[in-house]
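Engineer: Numbering (the working numbering), first residue to last: 1 to 290.
Using N, Cα and C, we set each Cβ at its ideal position, and we do this for glycine too.
Values in this document were obtained by computation on a predicted structure and should not be read as measured data.
Quick one: the structure is below, questions incoming.
Structure follows, in structure tokens:
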């Protein structure tokens, strides 16, 4: 199976319309139809059900769509990493580190400073992303290394080193009647009247969803909390960056959050190895007190 055929099929499967898929691909519709037919004959299965009015996926087509997307992502990731390796070999080394905006904010500057002091350190570009996006950016090759947060981010398929484990707090509007409590339980948090938990971007299903407003990033989330429109359970380290109009109360029965540094297992980058070494020397994994 050729990469071109996969791209053609994924376009048709996503559009469920040959005309729109052809326009998206920048080709005429007849050769696209022929290519899909040839692919079906080669595989010996029907991928699409076609009528004069609609196109739908068969069970085999649904499987190939999922697998095809993953294969195309892997090809694009390989291309990006190959280009980056070529730049490094040509004397322009550098690393791209992706992290969720507003997360592990106290850890990131320590890591960058520690690595900068290492012999042979290279430039590190920091890519700040929305909630739940850093794993995808690492997998598709747009980043060399990431700070991920268990149990919310999947680390399957990556090499990882644990950097810090901490408890969580519920962030409330300052002056809320419960903001003076020594601690709250998750049952209290999920039942807060008028302060629903947010709805997170549905990227991989690992972020626990609530009935409240959908959020894209931490800045938006904190503003909604300050306005009295939501509450959220976040890692303890977020306290250092809360504005005076917000308050944090420990939630002892919330799951602990472990920050890890993650990278592709096949990486041979010396610069990446140096960054990981600097990260592991910062502090041993520990459970932050609440």
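#1: Nearest-angstrom Cα distance between residue 245 and residue 197?
#2: Give the DSSP bridge partners of residue 248, in chain order.
#3: Helix or strand or just coil, what does DSSP make of residue 139?
#4: What first and last residue would you give for the alpha helix (DSSP H) that runs through residue 21?
#5: Among the candidates 30, 64, 19, 114, whose CA atom is the shortest distance from the CA of residue 40?
#6: Please name the residue or residues paired with residue 100 in a DSSP beta bridge.
#7: Whose C-alpha, out of 10, 11, 29, is nearest the C-alpha of residue 19?
#8: Name the two residues that bound the continuous beta strand (DSSP E) containing residue 162.
#9: If you scan the segment 189-235 from start to end, which runs of the beta strand (DSSP E) of 3 or more residues do you find wholly inside it?
#10: Ignore the nearest five residues each way along the sequence and tell me which others in residue 114's own chain have a CB closer than 8 Å to its CB.
#11: Given a threshold of 16 other Cβ atoms within 10 Å of its Cβ, counted over all protein chains shown, does residue 218 qualify as buried or as exposed?
#12: Which residue comes first and which comes last in the alpha helix (DSSP H) that contains residue 108?
#13: Can you tell me the Cα-Cα spacing of residue 289 and residue 166, whole angstroms?
#14: Let me check one thing: in DSSP terms, what residues is residue 147 bridge-paired to?
#15: Would you list the residues sitting across from residue 57 in a DSSP beta bridge?
#16: Counting C-beta neighbours from all protein chains within 10 Å, is the total for residue 210 16 or more, i.e. buried, or is it exposed?
#17: For residue 292 and residue 163, which I take to be in contact (beta-carbon distance under 8 Å), what is that distance rounded to the nearest angstrom?
#18: Cα separation between residue 8 and residue 48?
#19: Just the Cα atoms here: how many angstroms apart are residue 204 and residue 132?
#20: With DSSP run on the structure shown, which of helix, strand or coil describes residue 122?
#21: Is there a Cβ of chain C sitting closer than 9 Å to that of residue 138, yes or no?
Structural biologist: To lay it out plainly:
#1: Their backbone Cα atoms lie some 18 Å apart in a straight line.
#2: Beta-bridge partners of residue 248 (DSSP): 171.
#3: Here residue 139 sits in helix by DSSP.
#4: Here the alpha helix (DSSP H) through residue 21 covers 18-25.
#5: When each option's Cα is compared against that of residue 40, the closest is 64.
#6: Under DSSP, residue 100 takes part in a beta bridge, and its partners are 129.
#7: Of the listed residues, the one whose Cα sits closest to residue 19 is 29.
#8: 159-166 is the span of the beta strand (DSSP E), which, as asked, contains residue 162.
#9: Those beta strand (DSSP E) runs which fall completely within the segment 189-235 and span 3+ residues are 232-235.
#10: Cβ within range, chain order: 278, 279, 281, 282.
#11: Counting Cβ neighbours within 10 Å, residue 218 comes out buried, since at least 16 surround it.
#12: 107-116 is the extent of the alpha helix (DSSP H) around residue 108.
#13: Confidence at residue 289 is low in this model, with a pLDDT of 45, below 50, so the placement of that residue should be treated as unreliable; the coordinate-derived value is given next. Distance between the alpha carbons of residue 289 and residue 166 is about 7 Å.
#14: DSSP lists 261 as partners of residue 147.
#15: According to DSSP, which records beta bridges pairwise, residue 57 is partnered with 48.
#16: In this structure residue 210 is buried. Its beta-carbon is surrounded by 16 or more other beta-carbon atoms within 10 angstroms.
#17: Because the chain here runs from 1 to 290, residue 292 falls outside it and cannot be looked at.
#18: About 13 Å.
#19: Per-residue confidence for residue 204 stands at a pLDDT of 48, beneath the threshold of 50, marking its modelled position as unreliable; the derived number appears in the next sentence. When rounded, the distance between both Cα atoms is 8 Å.
#20: When DSSP states are grouped into helix, strand and coil, residue 122 belongs to the coil group.
#21: The chain labelled as chain C is not found in the depicted structure, where only one protein chain is given.
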